[in-house]
Amino acid sequence: MQTWKKKLVVSQLALACTLAIASQANAATYDMFGYHDDVQTQYDWINTNTDTDYLTYSGYVYNTTSDNSNYLDATFNNDTVNGVISTRYLNDDYTTDTNTLNVTNSTIHGMITSAPVGSENFTFPGYNDADYTTHNWVDGDVFTLNVDRSIIDDDFEAFYFTDNYLDSDGVTTNTDYDQLNTAGLGVAVTLGVESNVNVTNNSHVAGIALVQTDGSYANDTYVNGDHQWDNNVNVENSTVTSGSLSWNEGDNSNSHFGNSAEPSDYSGTASSHGFSDDTALAFIDDATSDYRMVNTATFTNSELLGDVYVQSTFNNNFDPTKHLVDGTTDTWTHGGWAADDQNVDRLTLTLNNSKWVGAAYNNYQQVASENFIDVAANSLDPYASYSYDSWGRTDNANIFQSGIFDVVLNNGSEWDTTKDSLIDSLAINSGSQVNVADGSMLTSDSIILKDGSALNISEDGAVSTDNLTIDSYSTVTLSDEVSAAAGTDNTALYTNHITVTNGGMLDVQTSNTGASSLFETDTLNLTSADVVHRNDDVNSGVFNIHSNDYVLNADLVNNRTNDKTQANYGYGTIAMNSDGHLTINGNGNLNTNNDEVDGTDNVYAGSGDNVVAATGNYKVRIDDATGAGAIADYKGKQIIYVDDVNTDATFSAANKADLGAYTYQAQQEGNTVVLRQMELTDYANMALSIPSANTNIWNLQQDTLSDRLTTARHGFADNGGAWVSYFGGSFEGDNGTINYDQDVNGIMVGIDTKVDGNNAKWIVGAAAAFAKGDMSDRTGQVDQDSQSAYLYSSSRFANDVFIDGNLNYSRFDNDLTANMSNGAYVDGNTTADAWGFGLKLGYDWKLNESGYATPYASINGLFQSGDSYRLSNDANIGGQDYDSLRYEAGIDTGYTFNYGNQALTPYFKLAYVYDDSDNDSDVNGDNIDNGVKGSAVRVGLGSQFSFTKNFSANTGVTYVGGGDVDQDWAANAGVKYTW
């Protein structure tokens, strides 16, 4: 404040405070500052006692009724205030008067303070005629400020006025630059009393500062530590921004197109921490007080835009350096209160479904552990280097701290850090997230994430903590742009101990060179929660290195076993891509002898952990999937190396990954883990199975045509004609490499005629076939379309020997789809052209006029050719040349029942079949066997019914089984009309 404050006279200020004020029962505008101009003399800022010009202030509020026009009461409703409201005399007797100020549906263009506007003490009638400063501090007499649907903008930075006066010549003149600067009084709400501040219903407050002042008053009635200075801030559905301690309107550097900066503007560039223009919440204790300050700030469905600053000193009766107990010569004490916590200030900041942008800083005093007398540690020093064991090694960071600052985020809250933050604990719960921005550093003794929460470290951001716990499906992410040199010790994440459990994940996304320096820790405890293990249902912690070649200079530990019969069965999960690699070096601590430690040695002891580089049980998960890459790129590739031959850690596969043509999974080999080749991927299996599936369609067509020619030799005379037949079937293919199921449906139409030759009777004709196939295995799926054209003939000699033959051309169109192991969708298509033939030689032995037995032998051949193609996942499938021969020998038997103009001929078929299809195909440059062959048995039966001499229908079913491809069933049903 300016020196004018010290020169205001009682009569003038009292006059100003008792000016008639319009009733607050109705909406009104209040200007809290005024200027009385005598028009004769120039205002004298120094000699205000003799100057008849004076400034007036009318902003004090009192416990009075709303109809008392002489004073402002404690309620503002639908009002506008320009200036500063002071609660200095609202409750000056500390006894019966209500100690509450209500601001509803109003705008305060300025601030609310509990301090006097001026530096003198004033006494006013009607308030026990008591001097404010004579009162003791009364613990529990808490001032309440209710801000409802209102704005307090902290933007009244000065009272500007013009002074008229007579110059030396008696001419009236004026000054137009006089101003009373009020910006330095504090932020929008600045209170030096125990306070409950409630900001609700879309209100906006530009800063809240709560200052402990009880050390300025007597406390003769308090003799123990049961008392404390309490402040509570509750913000619901509202916004608290930074305020301003400087005069923005006079700062040309912050102006923009004629507008000056606002108090709520956040620069985020302050290099030092303290009560500054970026402060949204400040809690400042009283170094002269014997009592602690306990603060809570809770934001619900709200925004906090600015820094939170805590300034803490030890209580006045606490000696951080120690002193002798009265009357003793060798008994030392720190003094203070017997209960340690009563000597410690606190702030707990809780966000519920709220957002915060800003920094958090705890400015405290401390006692180092080697100086403890009668206190116990309550915090840690992140830069501890003062406590040593007998060998000169730093052994702890314990301190007794004057103030504790805890931050809790709940219910999807978000904290975007700025600058550097220093707090004691950070709890990130229930889907909340903390984003550590570029150029900012977050330091906290402990950080705990639970219930799907996230801590995201951006490029040039850094986090430093002693213990980091990532629990219940939460994630700590080092983004892809993170730089190793951003944080403490040139690491983006610097923590002594990391525990990842219950589905949590430490996610190292960066692809920067030297990824091993991005975080530093002593132990990485990658484990799972204690649960009942049914069906291997373990919620483990995950360490995900993606494609990094990561060197872990820390011990990898857990206390889990791979024995499912044990209570501690479980595991941690190491996740990576197939091109990643993890080297586990351990933390470098050597096993120590028993006489070198004090018996407290364990996996977290800094002096020697007695743990090899890795111990416990782990699953290894391969997260990526790709169609590219040859077998040599993956098979046997090392993905984990434990640089300790004494490791007793066990590693096993968490999944199978699609890599190139095959799936691979992790397999432990000593102190290494490699990729083990497993079965074909779904997409490669489908691609390699397509030629075999094409052949199956063609074989059904060959059987359908064969049935047409067989029926021509039995029943009524067949002189050729037109015919149509449905055909379909189901197949299972498995040659030990490829595997598929296939369903086929199609139709074949033909026309033929009978020709009498010199030595034989001929049927010659042409046919066309159209079919659709559906092939699948696991996620693989192929939709098939085929079109075929046939020329065929059958010759029957006088001795009942016959020869059937055909030549054909087919075109196969195949659309392939599949899902990869990572859920990615794959598709592709291929087209093949094929030429085929069929020959059948048999003897139609007439048992009598109605019965027959027909032994036969046949050979069918299909020769496919197709170009190479690429699937959408970059799998290269080589040329589709594929040759197939089927040899068959068997017998047909049947009997014709003649009913005059109608006839029924049932038949039965039994045959030996041998498929010779010795083929291979190329996938990503590797030859893979996709041929199907082997011996099989054909069993079939059917019938032909002639409705008339010229019109008949036939049906048949067949089973072929025993080779690499089983035909579970095949059926045909058709009709023919003979000439």
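Mapping of the sequence shown onto the working numbering: residues 2 to 980, in sequence order. For every residue, glycine included, the Cβ atom is placed at its ideal position computed from N, Cα and C.
Presumed contact (8 Å Cβ cut-off) between residue i and residue j, rounded CB distance
i, j, result
"G964", "D916", "5 Å"
"K636", "S822", "Actually they do not touch by this definition, with Cβ atoms about 16 Å apart."
"N618", "N563", "5 Å"
"D156", "E263", "6 Å"
"D149", "T114", "Wrong, their Cβ atoms sit about 20 Å apart, outside the cutoff."
"Q703", "G839", "5 Å"
"T979", "Q945", "Going by Cβ atoms, the distance from T979 to Q945 rounds to 12 Å, so no, they are not a contact pair."
"S243", "G208", "6 Å"
"D179", "D164", "5 Å"
Run of the alpha helix (DSSP H) containing residue i, from where it starts to where it stops
i, result
"T696", "D683 to A713"
Collapsed DSSP secondary structure at residue i in the structure displayed
i, result
"I982", "Because the chain in this structure spans residues 2 to 980, residue 982 falls outside the shown range and cannot be described."
"S811", "strand"
"L519", "coil"
"A662", "coil"
"L211", "strand"
"Q343", "helix"
"L186", "helix"
"F652", "strand"
"S370", "helix"
"G504", "coil"
"Q41", "coil"
"G432", "coil"
"Y978", "strand"
"G609", "Per-residue confidence for G609 stands at a pLDDT of 43, beneath the threshold of 50, marking its modelled position as unreliable; the derived number appears in the next sentence. Note: G609 maps to coil in three-state DSSP."
"D531", "coil"
"K620", "strand"
"Y267", "coil"
"G581", "coil"
"Q1", "Because residue 1 is not part of the residues shown, which for the chain are 2 to 980, the question remains open."
"D805", "strand"
"P383", "coil"
"T673", "strand"
"M33", "coil"
"M442", "strand"
"M821", "coil"
"Y791", "strand"
"R89", "coil"
"S947", "strand"
N- and C-terminal bounds of the beta strand (DSSP E) containing residue i
i, result
"F300", "M294 to T301"
"P321", "F319 to L325"
"G962", "F952 to G962"
"E263", "Run containing E263: none; DSSP gives neither H nor E here."
"R887", "Y883 to Y896"
"A769", "A761 to D778"
"N559", "First-last for N559: undefined, no H or E at that position."
"K910", "A904 to D917"
"G360", "The displayed chain sequence assigns Ala, not Gly, to residue 360. A360 -> no beta strand (DSSP E), and no H or E assigned at all."
"R150", "Where R150 is concerned, there is no enclosing beta strand (DSSP E), given that its DSSP letter is neither H nor E."
"K755", "N740 to D757"
"H110", "T108 to T114"
"W981", "Residue coverage of the chain in this structure runs from 2 to 980, which leaves residue 981 outside it and unanswerable."
"I400", "N399 to Q402"
"F162", "A159 to L167"
"V104", "T101 to T105"
"W333", "W333 to G336"
Do the segment 751-760 and the segment 713-726 make contact, defined as three or more Cβ pairs closer than 8 Å? yes
Three-pair Cβ contact test at 8 Å for the segment 866-884 versus the segment 726-744: no
At a cut of 8 Å, does the segment 341-353 reach the segment 288-304 through at least three beta carbon pairs? yes
Answer yes if the segment 765-785 comes into contact with the segment 702-709, meaning at least three C-beta pairs across the two stretches below 8 Å, and no otherwise. yes
For the segment 766-785 against the segment 659-673, do three or more pairs of beta-carbon atoms, one drawn from each stretch, fall closer than 8 Å, so that the two count as touching? no
Taking 8 Å as the threshold, find out whether the segment 158-173 comes into contact with the segment 195-214 through three or more Cβ pairs. no
Within the chosen definition, does the segment 774-789 reach the segment 681-695 through at least 3 CB pairs nearer than 8 Å? yes
Mind the definition here: the segment 428-443 touches the segment 309-322 only if three or more C-beta pairs lie below 8 Å; say whether that holds. no
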